[in-house]
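Participant: Going by the numbering used here, the first residue of the sequence shown is number 132, and it counts up by one from there. The structure that follows is given in the form of structure tokens.
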Amino acid sequence: MTRDLDALTSSSSDWAGLRVTVAGIGIAGFAAADALLSVGAEVTVLDASDDDKRREKAAVLETLGASVRLGYPGSADDEADVLVVSPGIRPRDPVIVSALDRGIAVWGELEVAWRLRFADQPAPWLCVTGTNGKTTTTLMLDSMLRAAGLASTAAGNVGFSLIDAVRDRSLQVIATEVSATQMPFVTSMSPESAACLNLAPDHLDYFSTMEEYGRTKALVYRHARVAAVYNVDDPVTEQMVRDADVIEGCRAVGFTLSVPSVSMLGVVDDALVDRAFIDDRRTHAQELATVEDVPGRSPANVANALAAAALARSFGVAPSAVREGLQGFTPAPHRVARVADHGDVIFIDDSKATNTHAAQMSLRAFDSVVWIAGGQAKGQSFDDLVRVVAPRLRGVVLLGVDRGVIRDALARHAPGVAIAEVDRTDPDAMVEVVALAAGLARPGDAVLLAPGCASWDMFRDYADRGDRFAAAARALGE
Numbered sequence: 132m133t134r135d136l137d138a139l140t141s142s143s144s145d146w147a148g149l150r151v152t153v154a155g156i157g158i159a160g161f162a163a164a165d166a167l168l169s170v171g172a173e174v175t176v177l178d179a180s181d182d183d184k185r186r187e188k189a190a191v192l193e194t195l196g197a198s199v200r201l202g203y204p205g206s207a208d209d210e211a212d213v214l215v216v217s218p219g220i221r222p223r224d225p226v227i228v229s230a231l232d233r234g235i236a237v238w239g240e241l242e243v244a245w246r247l248r249f250a251d252q253p254a255p256w257l258c259v260t261g262t263n264g265k266t267t268t269t270l271m272l273d274s275m276l277r278a279a280g281l282a283s284t285a286a287g288n289v290g291f292s293l294i295d296a297v298r299d300r301s302l303q304v305i306a307t308e309v310s311a312t313q314m315p316f317v318t319s320m321s322p323e324s325a326a327c328l329n330l331a332p333d334h335l336d337y338f339s340t341m342e343e344y345g346r347t348k349a350l351v352y353r354h355a356r357v358a359a360v361y362n363v364d365d366p367v368t369e370q371m372v373r374d375a376d377v378i379e380g381c382r383a384v385g386f387t388l389s390v391p392s393v394s395m396l397g398v399v400d401d402a403l404v405d406r407a408f409i410d411d412r413r414t415h416a417q418e419l420a421t422v423e424d425v426p427g428r429s430p431a432n433v434a435n436a437l438a439a440a441a442l443a444r445s446f447g448v449a450p451s452a453v454r455e456g457l458q459g460f461t462p463a464p465h466r467v468a469r470v471a472d473h474g475d476v477i478f479i480d481d482s483k484a485t486n487t488h489a490a491q492m493s494l495r496a497f498d499s500v501v502w503i504a505g506g507q508a509k510g511q512s513f514d515d516l517v518r519v520v521a522p523r524l525r526g527v528v529l530l531g532v533d534r535g536v537i538r539d540a541l542a543r544h545a546p547g548v549a550i551a552e553v554d555r556t557d558p559d560a561m562v563e564v565v566a567l568a569a570g571l572a573r574p575g576d577a578v579l580l581a582p583g584c585a586s587w588d589m590f591r592d593y594a595d596r597g598d599r600f601a602a603a604a605r606a607l608g609e
């Protein structure tokens with residue numbers, strides 16, 4: 132008998148006997164399988180790989196009652212009611228296509244988490260997405276919520292697993308970072324408020340077109356209840372809000388680095404102000420904080436702070452808590468972090484800049500830069516980036532499998548800039564990269580790791596890449 136999936140709206144619903152296939156035993160897959168087993172579902176886990184780490188996880192799930200098949204690249208069983216997919220599985224992957232063709236429902240991580248919330252007083256979600264700035268904004272938001280005395284956590288694409296967070300009864304609200312790769316196959320989610328910070332080319336190896344990527348990002352606004360927050364300086368995000376299927380009464384709220392109009396947050400005389408969540412917003416603005424209160428004080432971080440403040444204010448957070456949250460905020464690692472100084476040259480780790488948009492924002496923060504770039508380009512073009520930042524470039528050090536794409540863009544738009552390349556692909560190559568960059572630098576320069584690319588061709592992840600850069604920079608001259 133086909134199950135009525137619409138009836139599965141909370142952890143108190145009747146999950147007994149629901150037949151679920153979970154594709155992938157990574158972080159998201161393991162959390163989903165564990166949670167679904169706890170409510171009585173019958174769970175089968177498939178993973179095409181078979182190694183010691185996966186076997187350890189498999190042993191735990193099997194003890195809890197799951198059936199696990201490692202080294203099995205197959206599809207969901209015909210008897211399955213639901214296929215749960217991890218964010219790393221592309222929407223056109225055969226396992227998903229096969230399930231949809233056979234009428235099996237496909238859920239992503241967000242869908243599972245939303246359906247497993249508590250029936251009584253579930254913690255609302257304040258959702259943040261965008262190509263760049265998601266993690267910083269989410270952590271700023273969490274800091275503001277905590278400053279207001281709320282039991283909050285950052286979860287989703289940062290911090291705790293969202294599936295684990297929704298099972299924590301102590302939480303009053305969840306600051307939820309949402310990546311585009313988490314949003315396919317989510318239909319039930321209804322966030323309290325949501326924001327898309329910006330949209331630029333990224334994940335083009337995952338989505339077939341930029342249009343598909345944008346449509347997926349826009350899903351964050353669907354069924355939003357209180358506020359749909361958009362970037363006034365990125366009109367694509369405003370159009371997303373105009374097109375969104377929100378709950379009646381949900382307001383469009385903009386944020387801008389300029390003087391705000393009504394229903395916006397913005398900047399006036401170095402003050403972050405609110406003209407959206409005050410009664411006399413047509414004639415007045417409420418000061419929330421100053422630019423001095425924003426860590427780093429860069430335009431990108433001020434924009435992030437405004438977006439976080441808009442979401443916090445939509446949840447009733449007082450202006451004083453917005454300021455206190457910003458003052459107490461500690462930026463996450465690998466995001467424009469100053470890691471070393473040698474003479475008059477500074478070394479900046481922005482390994483999290485994994486696309487051209489993020490790299491451009493980072494490069495524009497410095498007047499004279501030795502740029503370390505390269506890795507897996509994910510199908511991006513670097514022409515626009517190089518054209519904009521060329522006057523700032525003292526030199527460039529290239530690494531990684533797709534460094535030729537950047538080299539060609541430099542030849543077209545910055546032919547006079549000195550370039551050094553590192554052919555090695557082992558992670559210890561970062562020592563050579565940093566030495567070459569230091570050799571190109573002059574007093575007053577910044578040596579900036581803002582690769583514009585993914586890291587997996589050489590490093591475990593962007594954090595590993597950043598850690599190795601910082602270690603090599605600190606070791607110079609030893």
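Just so it is clear, CB atoms sit at the ideal spot from N, CA and C, and this is done for glycine as well. Note that this is a predicted model, so its numbers are computed, not measured.
1. From this set, Glu423, Val393, Ala402, which residue's C-alpha is nearest aspartate 411's C-alpha?
2. Could you have a look at methionine 132 and say whether DSSP puts it in helix, strand or coil?
3. With contact counted as at least three CB pairs below 8 Å, one residue from each stretch, are the region 339-352 and the region 365-381 in contact?
4. For glutamate 379, count neighbouring Cβ atoms within 10 angstroms of its own Cβ and tell me buried if that reaches 16, exposed if not.
5. By Cβ distance, which residues of its chain are closer than 8 Å to glycine 345, with the 5 residues on each side in sequence left out?
6. Hey, could you find the ends of the beta strand (DSSP E) serine 324 is sitting in?
7. Across the region 451-468 and the region 272-284, are there enough close Cβ pairs to call them in contact, namely three or more that are closer than 8 Å?
8. Is the region 218-226 in contact with the region 243-253, if contact means three or more CB pairs nearer than 8 Å?
9. In terms of residue numbering, what span does the alpha helix (DSSP H) encompassing arginine 469 cover?
10. For glycine 427, collect the residues of the same chain with a Cβ closer than 8 Å to its Cβ; drop the 5 residues on either side in sequence, then sort them by chain order.
11. Could you check how far apart the C-beta atoms of valine 405 and phenylalanine 600 are, in whole angstroms? I think they sit under 8 Å.
12. Going by beta-carbon coordinates alone, are alanine 254 and valine 317 separated by less than 8 Å?
13. Excluding the five sequence neighbours on either side, which residues of its own chain have a C-beta within less than 8 Å of the C-beta of alanine 449, listed in chain order?
14. Measuring CB atoms only, is the region 556-569 touching the region 481-488, in the sense that at least three cross pairs come out at less than 8 Å?
15. Suppose the cutoff is 6 Å on Cβ atoms and the five residues either side in sequence are ignored; what does the same chain contact list for alanine 521 look like?
16. Tell me the residue span of the beta strand (DSSP E) that contains phenylalanine 161.
17. Three or more C-beta pairs closer than 8 Å, one from the region 507-516 and one from the region 575-592: is that the case here?
18. DSSP on arginine 150, reduced to helix/strand/coil?
19. Tell me which same chain residues have a C-beta within less than 7 Å of the C-beta of proline 430, skipping the five on either side of it?
20. Could you tell me the distance, in whole angstroms, from the CA atom of alanine 211 to the CA atom of isoleucine 477?
21. At the level of alpha carbons, what is the spacing between proline 464 and aspartate 539?
22. Of all the alpha helix (DSSP H) runs that stay within the bounds of the region 230-254, which reach a length of 4 or more residues?
23. Reducing DSSP to helix, strand and coil, say where tyrosine 352 ends up.
24. Helix, strand or coil for glycine 380? Go by DSSP, reduced to three states.
25. At what residues does the beta strand (DSSP E) containing serine 283 begin and finish?
26. With distances taken between CB atoms, is the gap from valine 259 to valine 309 smaller than 8 Å?
27. In terms of residues, what are the limits of the beta strand (DSSP E) holding phenylalanine 600?
28. How long is the line joining the alpha carbons of aspartate 533 and aspartate 588, rounded to whole angstroms?
29. Using beta-carbon positions only, say whether leucine 257 and glutamate 323 come within less than 8 Å of one another.
30. Output the distance between the C-alpha atoms of valine 578 and phenylalanine 497, rounded to the nearest integer angstrom.
31. Measuring only the C-alpha atoms, how far is isoleucine 158 from proline 204?
32. Can you tell me whether DSSP reads glycine 205 as helix, strand or coil?
33. Quick one: using the 10 Å Cβ neighbour count with 16 as the cut-off for buried, is glutamate 193 buried or exposed?
34. Tell me, which residues are paired with glycine 570 by DSSP?
35. Tell me the rounded alpha-carbon separation between leucine 136 and alanine 163.
Facilitator: By the coordinates alone:
1. Taking the sequence shown and counting its residues from 1, the one referred to as residue 411 is at position 280. The candidate whose alpha carbon is nearest that of aspartate 411 is Val393.
2. The count along the sequence shown starts at 1 and reaches residue 132 at position 1. Residue placement at methionine 132 is flagged as unreliable, the pLDDT there being 45, under the threshold of 50; the coordinate-derived value follows with that caveat. Methionine 132: coil per DSSP, three-state reduction.
3. yes
4. Within the sequence shown, residue 379 is the residue found at index 248, counting from 1. Exposed is the call here.
5. Locating residue 345 in the sequence shown gives position 214, where the first residue counts as 1. Leu330, Val367, Met371, listed in sequence order.
6. Here residue 324 refers to the residue found at position 193 of the sequence shown. Counting along the chain, the beta strand (DSSP E) containing serine 324 begins and ends at 324-327.
7. yes
8. no
9. As a position in the sequence shown, residue 469 is number 338, starting the count at 1. It is not in any alpha helix (DSSP H) - arginine 469 instead sits in the beta strand (DSSP E) that spans 468-473.
10. Against the sequence shown, residue 427 aligns to sequence position 296. For glycine 427, where only same-chain residues beyond five positions count, the Cβ hits under 8 Å are Pro462, Val467.
11. Within the sequence shown, numbered from 1, the residue matching residue 405 stands at position 274. Within the sequence shown, numbered from 1, the residue matching residue 600 stands at position 469. Going by the sequence as given, residue 405 is aspartate instead of valine. Contact doesn't hold; Cβ gap of about 38 Å is too wide.
12. Here residue 254 refers to the residue found at position 123 of the sequence shown. Here residue 317 refers to the residue found at position 186 of the sequence shown. For alanine 254 and valine 317, no; Cβs fall outside 8 Å.
13. As a working note, residue 449 is residue 318 in the sequence shown. Closer than 8 Å at the Cβ level, and outside the excluded window around alanine 449, lie Ala279.
14. no
15. Position 390 of the sequence shown, counting from 1, holds the residue named residue 521. Answer for alanine 521: His544, Ala545, listed in chain order.
16. In the sequence shown, counting from the first residue as 1, residue 161 sits at position 30. Here phenylalanine 161 belongs to no beta strand (DSSP E); instead the alpha helix (DSSP H) covers 158-169.
17. yes
18. On the sequence shown, residue 150 is found 19 positions in, with the first residue counted as 1. DSSP places arginine 150 in strand when its eight states are reduced to three.
19. For the purposes of this step, residue 430 is taken as the residue at position 299 of the sequence shown. Hits under 7 Å: Leu388.
20. Stepping through the sequence shown from its first residue, residue 211 is reached at position 80. Stepping through the sequence shown from its first residue, residue 477 is reached at position 346. Roughly 56 Å separates the two Cα atoms.
21. The sequence position of residue 464 within the sequence shown is 333, counting from 1. The sequence position of residue 539 within the sequence shown is 408, counting from 1. Whole-angstrom Cα-Cα distance: 31 Å.
22. 240-246
23. Reading the sequence shown from its first residue, position 221 is the one you call residue 352. In this structure, tyrosine 352 counts as helix in the three-state DSSP scheme.
24. What you label residue 380 is simply residue 249 of the sequence shown in a count that begins at 1. Coil, per DSSP.
25. Here residue 283 refers to the residue found at position 152 of the sequence shown. That run of the beta strand (DSSP E) goes 283-287.
26. In the sequence shown, counting from the first residue as 1, residue 259 sits at position 128. In the sequence shown, counting from the first residue as 1, residue 309 sits at position 178. Yes. Within cutoff.
27. Counted from its first residue, the sequence shown places residue 600 at position 469. No beta strand (DSSP E) contains phenylalanine 600, which is instead part of the alpha helix (DSSP H) from 593-606.
28. The residue given as residue 533 occupies position 402 in the sequence shown. The residue given as residue 588 occupies position 457 in the sequence shown. Aspartate 533 and aspartate 588: Cα-Cα distance of roughly 9 Å.
29. Counting from 1 along the sequence shown, the entry for residue 257 is found at position 126. Counting from 1 along the sequence shown, the entry for residue 323 is found at position 192. It is a contact, given that the beta carbons lie within the stated cut-off.
30. Here the question's residue 578 lines up with position 447 in the sequence shown. Here the question's residue 497 lines up with position 366 in the sequence shown. Roughly 10 Å separates the two Cα atoms.
31. Residue numbering aside, residue 158 sits at position 27 when the sequence shown is read from its first letter. Residue numbering aside, residue 204 sits at position 73 when the sequence shown is read from its first letter. Cα to Cα, isoleucine 158 sits roughly 18 Å from proline 204.
32. Against the sequence shown, residue 205 aligns to sequence position 74. Looking at glycine 205 - three-state DSSP - the assignment turns out to be coil, as it is neither helix nor strand.
33. In the sequence shown, the residue the question calls residue 193 occupies position 62. Exposed: under 16 other Cβ atoms inside 10 Å.
34. Along the sequence shown, read from residue 1 onward, the residue named residue 570 stands at position 439. According to DSSP, glycine 570 bridges with nothing at all.
35. Against the sequence shown, residue 136 aligns to sequence position 5. Against the sequence shown, residue 163 aligns to sequence position 32. Cα to Cα, leucine 136 sits roughly 16 Å from alanine 163.
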